[in-house]
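Student: One structure follows; several queries about it will come next.
Chains as they are written, first to last, in the working numbering: chain A, 1 to 206; chain B, 1 to 201.
Next comes the structure, spelled out in structure tokens:
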């Protein structure tokens with residue numbers, strides 16, 4: 001079997017910003033000699049920070065989906081729109097590919113991020129040695145798709161800016177949009193604060 | 001230059017001499033990208049940044065979309081979308097939209113000019129490393145392609161209630177999205193440091 005040698009074994013650190021290799025002599029340099037970014041063996045407090053961000057995002061996920069993101073005022077009264085009712089109205093319009101896109105980006109992706117990140121955190125805390133490659137790939141997937149959830153925030157911002165025709169209809173933003181935007185930002189920050197190397201550390205200690 | 005590369009995703013050590021130049025190199029264990037370089041020159045990057053600057057200007061000067069209902073006409077610009085949210089008391093979302101669609105692309109373009117113009121003449125911009133670090137850090141928050149898709153969703157939803165007229169800015173922003181992604185792909189971090197090390201001050 002191939003033996004893998006890690007930076008930690010050799011006392012080498014990598015600058016996560018410019019990828020320069022830095023020798024961790026004592027005292028280990030705090031800054032990268034090439035680009036000046038701060039250097040850590042692992043991102044400091046990665047597990048606690050990521051867990052806190054994921055927990056906050058999970059809490060906000062509920063109002064993000066239940067509280068209206070928009071409220072339309074017309075002659076005939078008021079009509080509330082949640083993320084899900086927005087998906088349904090796209091289906092009614094017959095544009096089911098877009099409905100599917102919004103459903104995946106706004107409802108599935110944030111939920112998937114919450115579940116996957118929680119699972120990854122648990123696997124790190126339990127020092128799981130099971131397929132680090134699969135877990136790493138899963139992490140990169142949620143890290144990559146996370147930003148696409150912003151799609152609905154942009155759609156809402158344009159609709160609200162345009163539908164301000166006093167004689168016919170006006171649309172106001174709802175608190176749900178604030179909760180939804182927070183979920184997207186918090187899960188993105190959670191992915192950024194998570195140190196992928198933690199997934200591999202248990203393996204290296206064999 | 002150090003003789004080894006440490007994988008930033010799994011901490012595995014690789015010998016540099018086992019890696020060819022001018023390539024995209026993946027970690028043998030976790031498949032993360034170790035580095036990626038290409039033969040792009042500083043001038044190519046500057047040309048793309050200039051293109052992006054013009055497109056960004058157009059995108060902010062012209063309306064993005066207009067809506068027509070029974071003779072009533074309403075248009076919005078890129079800034080208008082963020083200002084509308086602000087006017088309704090949602091400063092955090094307004095700021096999020098403004099930062100991700102206008103401010104970060106503006107910073108990306110400005111920062112490249114600021115760093116690359118002096119570098120071209122073997123000079124160093126003041127605070128070059130800080131500017132470039134900020135550029136890399138902000139990259140995940142530049143969302144022009146997500147905005148374009150969001151705009152498409154908004155247009156389809158609105159077309160059910162009114163006539164929707166796409167504006168000049170919608171097309172220029174689409175072009176900006178493509179230009180910025182080209183710019184991002186030819187300026188990976190490793191490439192920037194090759195430019196720095198290849199033009200000693």
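Glycine included, each C-beta is placed from N, C-alpha and C at the ideal position.
1) Residue 168 (chain A) and residue 69 (chain B): beta carbons closer than 7 Å?
2) Going by DSSP, what residues sit across from residue 130 (chain A) in a beta bridge?
3) Given that a residue counts as buried once 16 or more other Cβ atoms are within 10 Å of its Cβ, and exposed if not, what is residue 179 (chain B)?
4) Pick helix, strand or coil for residue 1 (chain A), following the three-state DSSP scheme.
5) Between which two residues does the beta strand (DSSP E) harbouring residue 35 (chain B) extend?
6) Three Cβ pairs or more, each shorter than 8 Å: is that satisfied between the segment 120-138 of chain B and the segment 167-184 of chain B?
7) Which residue wins for smallest C-alpha separation from residue 16 (chain A), given the options B:190, B:195, B:60?
8) What alpha helix (DSSP H) runs, 4 residues minimum, are completely inside the segment 83-129 of chain B?
9) What residue range is occupied by the uninterrupted beta strand (DSSP E) comprising residue 7 (chain A)?
10) Which class does residue 157 (chain A) belong to by DSSP, given the choice of helix, strand or coil?
11) I want to see whether chain A comes within less than 7 Å of residue 17 (chain B), judged by CB atoms only; does it?
12) Does the pairing of the segment 151-167 of chain A with the segment 22-36 of chain B give three or more beta-carbon distances under 8 Å?
13) If you follow the beta strand (DSSP E) that residue 163 (chain B) is part of, which residue opens it and which one closes it?
14) For my contact list, residue 90 (chain B) and residue 173 (chain A) are in at a C-beta cut-off of 8 Å; report their separation, rounded to the angstrom.
15) So within the segment 65-138 of chain A, which uninterrupted alpha helix (DSSP H) runs reach at least 4 residues, ignoring any that extend past its ends?
16) Grab me the residues of residue 211 (chain A)'s own chain with a C-beta within less than 6 Å of its C-beta, minus the 5 sequence neighbours each way, in chain order.
17) Within 10 Å of its beta-carbon, does residue 27 (chain A) have 16 or more other beta-carbons around it, so buried, or fewer, so exposed?
Tutor: So, to answer that:
1) As a working mapping, residue 168 (chain A) is identified with position 168 in the first chain. As a working mapping, residue 69 (chain B) is identified with position 69 in the second chain. A contact, by the Cβ cut-off of 7 Å.
2) By 1-based counting over the first chain, the position of residue 130 (chain A) is 130. Answer is none; residue 130 (chain A) lacks a bridge partner.
3) The sequence position of residue 179 (chain B) within the second chain is 179, counting from 1. Result: buried.
4) Stepping through the first chain from its first residue, residue 1 (chain A) is reached at position 1. Because the pLDDT at residue 1 (chain A) is just 49, under 50, the model does not fix this residue reliably, and the value given afterwards should be weighed accordingly. DSSP places residue 1 (chain A) in coil when its eight states are reduced to three.
5) Within the second chain, numbered from 1, the residue matching residue 35 (chain B) stands at position 35. Counting along the chain, the beta strand (DSSP E) containing residue 35 (chain B) begins and ends at 33-36.
6) no
7) Sequence index remark: in the first chain, residue 16 (chain A) carries index 16 (1-based). The residue with the shortest Cα to Cα distance from residue 16 (chain A) is B:190.
8) 91-98, 104-120
9) Walking along the first chain from the start, residue 7 (chain A) turns up at place 7. It is not in any beta strand (DSSP E) - residue 7 (chain A) instead sits in the alpha helix (DSSP H) that spans 7-10.
10) Taking the first residue of the first chain as position 1, residue 157 (chain A) is located at position 157. Three-state result, residue 157 (chain A): helix.
11) On the second chain, residue 17 (chain B) is found 17 positions in, with the first residue counted as 1. Chain A, which has no Cβ nearer than 7 Å to the Cβ of residue 17 (chain B), makes this no.
12) no
13) Mapped onto the second chain, residue 163 (chain B) falls at position 163. Here the beta strand (DSSP E) through residue 163 (chain B) covers 163-166.
14) For the purposes of this step, residue 90 (chain B) is taken as the residue at position 90 of the second chain. For the purposes of this step, residue 173 (chain A) is taken as the residue at position 173 of the first chain. With a Cβ gap of about 5 Å, residue 90 (chain B) and residue 173 (chain A) count as contacting.
15) 83-92, 96-103, 109-125
16) With chain A represented from 1 up to 206, any question about residue 211 (chain A) goes unanswered, as that position is not in the structure.
17) Sequence index remark: in the first chain, residue 27 (chain A) carries index 27 (1-based). Exposed, by the Cβ-count rule.
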